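Here the structure comes first, spelled out in structure tokens, and everything after it is commentary.
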């Protein structure tokens with residue numbers, strides 16, 4: 033989140049703490065904003081939209097925070113297993129999120145209205161834990177990859193899984209690009225880029241070791257892998 037040339041950074045840890053920092057890119061300074069022992073066990077995912085932060089852990093809960101006030105907004109306890117991934121949908125014309133989508137180790141997606149964080153629906157998507165999820169910029173579709181070696185597309189408007197296929201290997205990461213015209217998946221040492229309309233393979237990137245993290249930025253794809 034950017035405001036007056038300041039960037040907010042939120043991070044979670046295996047030690048169950050979530051930290052918030054403010055960064056000033058002009059002065060290259062990093063100042064602590066808050067620190068919470070937010071979960072009973074390790075943190076699995078963190079998502080941010082506007083001034084709202086969500087974190088999830090292996091204690092089956094989602095914790096919510098107001099970044100501007102550095103205060104807690106409460107917790108969500110609708111999952112009965114580890115919450116493995118989080119993603120906000122934020123319309124371009126709004127400074128705050130409209131929806132929060134979460135994934136868990138039972139293979140389900142939960143959808144929340146971000147206005148009051150009301151639980152709307154839980155959808156069974158996979159037979160095993162979901163590793164990652166990605167929301168289309170329109171907020172109408174979600175992509176998921178799972179430990180059952182499957183890739184799925186979920187129609188969030190109708191509230192049902194619309195497509196599922198088995199992969200050769202388990203994928204750990206899935207992301208849309210900023211336009212929503214393409215998406216990419218990380219499978220061990222390989223990142224594959226696909227056309228969003230028909231999942232056609234556009235490009236494959238081979239790394240020497242397993243890819244741990246990847247993020248698109250315009251026409252550039254940043255990847256972090258094991259050295």
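Residue numbers (this note's numbering): 33 to 259.
No residue lacks a Cβ here, since even glycine has one placed at the ideal position from N, Cα and C.
A quick note: this is a predicted structure, and the numbers were derived from the prediction, not measured.
Could you tell me how far apart the beta carbons of residue i and residue j are, in whole angstroms, since I believe they sit closer than 8 Å?
i: residue 223; j: residue 243; result: 6 Å
i: residue 92; j: residue 119; result: Contact flag wrong, Cβ pair sits at about 18 Å.
i: residue 85; j: residue 97; result: 4 Å
i: residue 140; j: residue 157; result: 6 Å
i: residue 77; j: residue 117; result: 5 Å
i: residue 199; j: residue 216; result: Contact flag wrong, Cβ pair sits at about 13 Å.
i: residue 65; j: residue 55; result: So it is not a contact: roughly 10 Å between Cβ atoms.
Report the three-state DSSP secondary structure of residue i (helix, strand or coil).
i: residue 150; result: strand
i: residue 122; result: coil
i: residue 44; result: strand
i: residue 110; result: coil
i: residue 218; result: strand
i: residue 76; result: strand
i: residue 257; result: strand
i: residue 129; result: coil
i: residue 203; result: coil
i: residue 225; result: strand
i: residue 248; result: strand
i: residue 241; result: coil
i: residue 82; result: coil
i: residue 98; result: strand
i: residue 187; result: strand
i: residue 93; result: coil
i: residue 181; result: coil
i: residue 117; result: strand
Beta strand (DSSP E) containing residue i: first to last residue?
i: residue 236; result: 233-238
i: residue 63; result: 61-68
i: residue 213; result: Here residue 213 belongs to no beta strand (DSSP E), and DSSP marks it neither H nor E.
i: residue 198; result: 192-198
i: residue 49; result: No beta strand (DSSP E) contains residue 49, which DSSP labels as neither H nor E.
i: residue 140; result: 140-145
i: residue 171; result: Residue 171 -> no beta strand (DSSP E), and no H or E assigned at all.
i: residue 58; result: Run containing residue 58: none; DSSP gives neither H nor E here.
With a 10 Å radius around its C-beta and 16 neighbouring C-beta atoms as the bar for buried, classify residue i as buried or exposed.
i: residue 197; result: exposed
i: residue 102; result: exposed
i: residue 176; result: buried
i: residue 42; result: buried
i: residue 94; result: buried
i: residue 121; result: buried
i: residue 125; result: exposed
For residue i, which residues of its own chain have a beta-carbon under 8 Å away from its beta-carbon, when the five flanking residues on both sides are left out?
i: residue 257; result: 221, 239, 240, 241, 242, 243, 244
i: residue 73; result: 48, 89, 90, 91
Excluding the 5 residues flanking residue i on each side, which residues of the same chain have their C-beta closer than 6 Å to its C-beta?
i: residue 253; result: none
i: residue 203; result: 177, 217, 219
i: residue 164; result: 117, 177, 205, 206
i: residue 295; result: Nothing about residue 295 can be read from this structure; the chain reaches only from 33 to 259.
i: residue 46; result: 74
i: residue 33; result: Reliability of the predicted coordinates at residue 33 is poor, the pLDDT of 46 falling under 50, and the value obtained from them is presented with this limitation in mind. So the qualifying residues of the chain are 40.
By Cβ distance, which residues of its chain are closer than 7 Å to residue i, with the 5 residues on each side in sequence left out?
i: residue 114; result: 76, 90, 92, 136, 137
i: residue 44; result: 50, 75, 78, 87
i: residue 248; result: 207, 209, 210
i: residue 234; result: 214, 225, 226, 227
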